[in-house]
Every structure is written in C-alpha cells, then in structure tokens.
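Positions in the sequence shown are counted from 1; adding 1 to them yields the numbering used here. Glycine included, each C-beta is placed from N, C-alpha and C at the ideal position. Just so we're clear, the structure is a prediction, and the values are computed from it rather than from any experiment. Read the structure below first, then the notes.
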Amino acid sequence: MELAMIFSTAFVVGFSGAMMPGPLLTVTVGESARRGFVAGPLLVLGHGILELALILALAGGLSSFFKKTGVSHTVAVLGGAFLIYMGYGMARDAFYKRVSLAAAGPAGEGCGNPGGAGVEKEALKGAGGVRLHPVLAGVLTSVSNPYWTLWWATVGLGYITLSLRSGFAGLASFFTGHILADLVWYSLIAAAVAGGRKFLKEGVYRGVLVVCGVFLIGLGGYFLYFGLFT
C-alpha cells in the first residue's frame, strides 16, 4: 500500500469507528458539557497515547514475525472478514435507524458499542469518586471497551501488517490517519456540545454511516484478496 493510500484509508476507517456511539463518544459529550471544547482533544490525546503504545509494541517486537507471508496473509484474512462484518452491521443499523446520536447523551444510555453502558462513569472517577483528568479518562475508557480490543486484534493488526511493508513511514502514515480521524470527529462533537447546539442532523449522520459501512466492506474485500490471492 502506498503511503497516501495507507493514510487516507486509515482516516476513513478511523472516522467510521469514531462516529459509532460508544463509551468514548459518551464521555466526550459529558466532559465537553463540563469543561468546554478542550475536553474533546484531551480525551483523544489519552486515547492516542494508548493506541500509539499498542502499535509500537506490536510493530516493534513482532515486526519480523508479522512480515512472514503466512502470518501476514492470515491476519489480513481475519481483519478483512471483521471489516466486512463491521461494515455490514454499520450500514444495516444506520439504514434501519437502529443507531442515533441521541444515544450518546451524558447519561450514557443506549450506546451502540459493546461495553458502552456505564463504562464512562467508571472511567471518569478514581478512588473516592474523584473525577479523573480527561487524558487519563481517554486511556481508561478505551482500554475498558471490549470493542476496542477486538478491533485492534483484527482490523488494527491487519493494517499494521500491511503498513509494515512500507517500513516505518507506512506505520507512521497509518497512525497519523487513524488518530487524525478521532481528533476531527471528537473535536466536532466537543465544539457542538460546548456551543450548545446540534450541528449534525440525524438523517445526515445515518447517511454518512451507510457510506462508511459500504467503504469498510470494500476495504475488507481488499484485505481478503491480499490474504488469499497475493
């Protein structure tokens, strides 16, 4: 994959995942109402620190292992299958109106991702009920979500494997595109909440999710092709 392709596809995939209601989105809404716009970027900073550490751990010590043909193809097939599954579910739920921005209210009710209910409350409180800093909350909210672990064990690992074919530059392009997507989306959410207005209509939101879902299915097909026929 060329660097521009790695960056652009990582951005779209990351943006697709960020848009789905889940604990980090819920925390962003709640903290932005308390702290203002700055809560969004700070939460993404914590989220990004965790993901960068994971990427470096996977790519650093295991890069030679994942570059083996049999391993890289197996990971690509698993990641591709999960992308297709995730894309289909995203497009279907959006089309049938099973997902809504309203689900990501400060109370955290009805979050779409596994692990959403109640996670944000625990992530924001430490011992004695003291509220945590948004950066630390971003770390804990992410690592407490089973969906995050599943994504990195399949899609994320597949992307790392493919990115490593372009060396460190490929890996940097992947991470930059991925985390930039999170920063853009959660900053928009924080700005909207802090400004006290709804900036995105439900119909537009669902339409974007359908498009993203179709894109994920196509990218999953590419992963499968790479794993099975190259």
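With 16 other Cβ atoms within 10 Å as the buried cut-off, status of residue i
| i | result |
| --- | --- |
| S73 | buried |
| V205 | exposed |
| R166 | exposed |
| A182 | buried |
| G228 | buried |
| L57 | exposed |
| G196 | exposed |
| Y226 | exposed |
| V120 | Confidence at V120 is low in this model, with a pLDDT of 43, below 50, so its placement is unreliable and no value can be given for it. |
| F16 | buried |
| G41 | buried |
| F230 | exposed |
| G117 | Its pLDDT being 44, under 50, G117 is placed unreliably in this model, and the coordinates cannot settle the point. |
| H48 | buried |
| S33 | buried |
| G18 | buried |
| C112 | Unreliable placement is indicated for C112, whose pLDDT of 35 sits below 50; the coordinate value is still reported in the next sentence. Under this definition C112 is a buried residue. |
Rounded distance between the beta-carbons of residue j and residue i, thought under 8 Å
| i | j | result |
| --- | --- | --- |
| L210 | G88 | Actually they are not in contact, since the Cβ atoms of L210 and G88 sit about 10 Å apart, beyond 8 Å. |
| V28 | L44 | 6 Å |
| M91 | G208 | Not confirmed; about 12 Å, so no contact. |
| G81 | G219 | Between G219 and G81 the Cβ distance is about 10 Å, and since that is not below 8 Å, they are no contact. |
| V194 | V30 | 5 Å |
| T142 | P24 | 5 Å |
| F175 | Y187 | That pair is no contact at about 19 Å. |
Which listed residue (the options) has its alpha carbon closest to that of residue i
| i | options | result |
| --- | --- | --- |
| L184 | Y226, V13 and A5 | V13 |
| V212 | H48, D94 and T162 | D94 |
| T10 | F224, T27, L229 and G23 | F224 |
| L4 | T177, F227, F16 and L84 | T177 |
| V144 | F38, I50 and G37 | I50 |
| L84 | S33, T155, S174 and L229 | T155 |
| R36 | A54, S17 and P135 | P135 |
| E203 | F96, L172 and Y226 | F96 |
| E52 | L133, W153, K69 and F38 | W153 |
| M20 | I190, T231 and S164 | I190 |
| R99 | P22, Y187, F230 and T75 | P22 |
| G171 | A60, G18, G71 and T75 | A60 |
| L137 | F38, L46 and F175 | L46 |
| F8 | S188, A77, F169 and T231 | F169 |
| S164 | V76, G18 and S33 | V76 |
| K69 | S33, V39 and T162 | T162 |
| A54 | W186, A173, G71 and Y187 | A173 |
| V78 | H179, H48 and G157 | G157 |
Run through the region 7-80 for me and flag every whole alpha helix (DSSP H) of 4 or more residues, listed as ranges in chain order.
24-36 and 40-67
Exercise. Would you mind listing the alpha helix (DSSP H) stretches within the region 166-226 that are 4+ residues and don't spill past its ends, in chain order?
Key: 168-195
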